[in-house]
């Protein structure tokens, strides 16, 4: 008799975005003329630069002729793309070509990587957090059971991102030692970043405890401040403890094209009863067995991100988004709302006025200002009392949203 | 301390294709002018039809403008493509739109689907077989340990494909009842197909035993005979027991573009301590959590496979390959070699002359005829004494390969 993977039954239904959509639809039914501005989305809106589109059309055309047609590509990705990434992103960081693996998304990689590890390890996951880190650990079985009264999983070590630690927790704050540690910088949802000296502490901590860091740098292209690492390998010793995830999704607008890459250093050793196994070899075997590579056309598009023209066009898009971030951050601060992030990240994490519940703030923002954002509690218990706005919208609409808030700011502060 | 997923250590290194490549390279070093014909590959070689390439170029261009740009698509695939598949492939088969899931490859889906099930189930896997069915079960833990003396895994129920059962095994031949059953028809590597009445027996067997069939129909477009099912849902009751995998890879030459789809019927229930859970709901949750959809450009390409022009161009490619299959099959039979498959499949499974070992036959074929194929034993113990040739090569080279064999046929039959 076929039986279920019981771990699935431990998943809590995540209604965050469906609840948001339902509330917006219901409001629009009653107010069909409302001019709603959406600042809740985590998807890009700027189109793909023309130089990249030209390369995709050329790659599509190559598929039409017998001589230039491409069938199965390497599961690890084409060398032309891996070389470009090596030269452009890891020039002085001592990374080898066979440590770079191309994939169809950082989401897939951050969830699939867990398969390399035993179910009996302790996993450290931020709170609040991008929900798939936790959900994939639940499905895999590392989370253990859900404890209703705590709204926590029994085996997860929660890494608390709070106002007190300025959303940049340190390893010494942990009560237990995780074997696997998720770090996302620039962070989703808090928009905060990990400074180099703090990252050094995490690398040392991991090394001391034989732990592995999963470093999600999907938003690194938005970093502006010079002292913030774009890669964890800027930190000495990281090659022995950290796997890094990067993506073309937010950097180059590839959310609809699907391309990311993961660095799995050969120096990282995973223990097996006293013997050591190379994580690089394991990941290579996992990908060869369970994955079949990324579309050739998408890989050519990713390659052209690194041309002079591509780089310029992409920088323009990032500048566009970061202007939005500034508009939002300044607008909120002008009326006295405390914000985090938004400087090296497209996410602005704001404190709700008078500390009201984040879903209540959502309702007020929707009903009084026709603005949609994301309640912080949807990302974890520590998100209660906070709210996420994103810089991925249209500039004029973003300006208008802030004008609406400023012109009727008293409504917000009358909330208790 | 981080620990390994020990299941990885049970994987046997699979050197099949790397051994083939090494032997060919070594031969070419000694015989640099040899004109080698490769009939071993499982990848397509015909280019993508021009009508499909045009659609890809158009889709790429859409990404260039704000109004037509597409970011994240639905994890389940765009409705425009799922509707086309429903109309074209499942017209009278009572499949619902939300039972169709688009993915980046049948390989990924056939390996990821295991996650829905408990590790404690018994899995039935063909011998010989497409290696990833077995390898993914090893990584997941359903296989149990490798038993060296048997060259088998302790918990796998092997479904024997032999000359005696005409490479079409029946459920009554099994000594144990599997909870999960892999069926691949047209089969890789044997090229044989499952007739409707046999498939009915498997569906009844699965229903009686509360088992689930994973039906891999990646090669269904090559079926010529009218009485062979293209979908398992042509069999009554299959919607309650079978998950079906189809792909654009071999059908439309998409191995480099990455697009497949899987049907997970809502009627399939998976047991959990007496309660039933919908497999469709589980797979939807799995895909939403761990996958981020297929490239928009690829999905538009797949949609255009179903235009009148697309259908015609694709049919021409399949006809081309199936002429190759006929040339190989007729050529081999002309010199007295017994063959299987090659009628409803691009694979020809041949008996080695005088039953010699399949690697020895590989060497003779390479050295005496400069032809490369795949030794049957590389697909499992039952493949010993057999050899796989494929119809995916160039037509003129395929003809020449057969001429070489026919003109020096005595060499083959002198082998003992």
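Protein chains in written order, with this note's numbering: chain A, 5 to 420; chain B, 5 to 420.
Beta carbons: idealized from backbone N, C-alpha and C, even for Gly.
Owing to the predicted nature of the structure, the values given are computational and were not obtained by experimental measurement.
Could you check the C-alpha separation between residue i and residue j for me, to the nearest Å?
i	j	result
residue 325 of chain B	residue 343 of chain B	17 Å
residue 354 of chain A	residue 322 of chain A	21 Å
residue 44 of chain B	residue 83 of chain B	37 Å
residue 238 of chain A	residue 192 of chain A	21 Å
residue 77 of chain A	residue 227 of chain B	27 Å
residue 10 of chain A	residue 407 of chain B	58 Å
residue 107 of chain B	residue 261 of chain A	13 Å
residue 337 of chain B	residue 16 of chain B	35 Å
residue 467 of chain B	residue 188 of chain B	The structure shown does not extend to residue 467 of chain B, since chain B spans only 5 to 420, so no value can be given for it.
residue 250 of chain B	residue 132 of chain B	20 Å
residue 236 of chain A	residue 109 of chain A	19 Å
residue 413 of chain B	residue 51 of chain B	34 Å
Can a CB atom of chain B be found closer than 8 Å to the CB of residue i?
i	result
residue 124 of chain A	yes
residue 315 of chain A	no
residue 367 of chain A	no
residue 6 of chain A	yes
residue 240 of chain A	no
residue 393 of chain A	no
residue 33 of chain A	no
residue 262 of chain A	yes
residue 402 of chain A	no
residue 408 of chain A	no
Hey, is residue i's beta-carbon within less than 8 Å of any beta-carbon in chain A?
i	result
residue 111 of chain B	yes
residue 294 of chain B	yes
residue 115 of chain B	yes
residue 19 of chain B	no
residue 10 of chain B	yes
residue 119 of chain B	yes
residue 271 of chain B	no
residue 147 of chain B	no
If the cut is a Cβ gap below 7 Å, which residues of chain C does residue i touch?
i	result
residue 51 of chain A	Given the protein chain composition of this structure (A and B), no chain C is represented.
Taking C-beta to C-beta, are residue i and residue j nearer than 8 Å?
i	j	result
residue 173 of chain A	residue 163 of chain A	yes
residue 209 of chain B	residue 248 of chain B	no
residue 244 of chain B	residue 211 of chain B	yes
residue 419 of chain A	residue 358 of chain A	yes
residue 281 of chain B	residue 290 of chain B	no
residue 85 of chain A	residue 303 of chain A	yes
residue 378 of chain A	residue 391 of chain A	yes
residue 389 of chain B	residue 362 of chain B	yes
residue 57 of chain A	residue 395 of chain B	no
residue 137 of chain A	residue 190 of chain A	no
residue 385 of chain B	residue 37 of chain B	no
residue 259 of chain A	residue 225 of chain A	no
Along the chain, where does the beta strand (DSSP E) containing residue i start, and where does it finish?
i	result
residue 266 of chain B	264-267
residue 425 of chain B	Because chain B in this structure spans residues 5 to 420, residue 425 of chain B falls outside the shown range and cannot be described.
residue 196 of chain B	Here residue 196 of chain B belongs to no beta strand (DSSP E), and DSSP marks it neither H nor E.
residue 236 of chain A	It is not in any beta strand (DSSP E) - residue 236 of chain A carries neither H nor E in the DSSP assignment.
residue 282 of chain B	279-282
residue 246 of chain A	246-251
residue 344 of chain B	343-345
Taking DSSP as the reference, what is the three-state secondary structure of residue i?
i	result
residue 11 of chain A	helix
residue 412 of chain A	coil
residue 304 of chain A	helix
residue 156 of chain A	strand
residue 186 of chain A	strand
residue 350 of chain A	coil
residue 23 of chain A	helix
residue 107 of chain B	strand
residue 270 of chain A	coil
residue 392 of chain B	strand
residue 95 of chain B	coil
residue 101 of chain B	helix
residue 419 of chain A	coil
For the alpha helix (DSSP H) holding residue i, just list the boundary residues, first then last.
i	result
residue 113 of chain A	110-116
residue 128 of chain B	Segment 127-131 is the beta strand (DSSP E) holding residue 128 of chain B; no alpha helix (DSSP H) there.
residue 274 of chain B	That residue, residue 274 of chain B, is in no alpha helix (DSSP H); its beta strand (DSSP E) goes 273-276.
residue 323 of chain B	312-338
residue 136 of chain A	135-144
residue 56 of chain A	54-66
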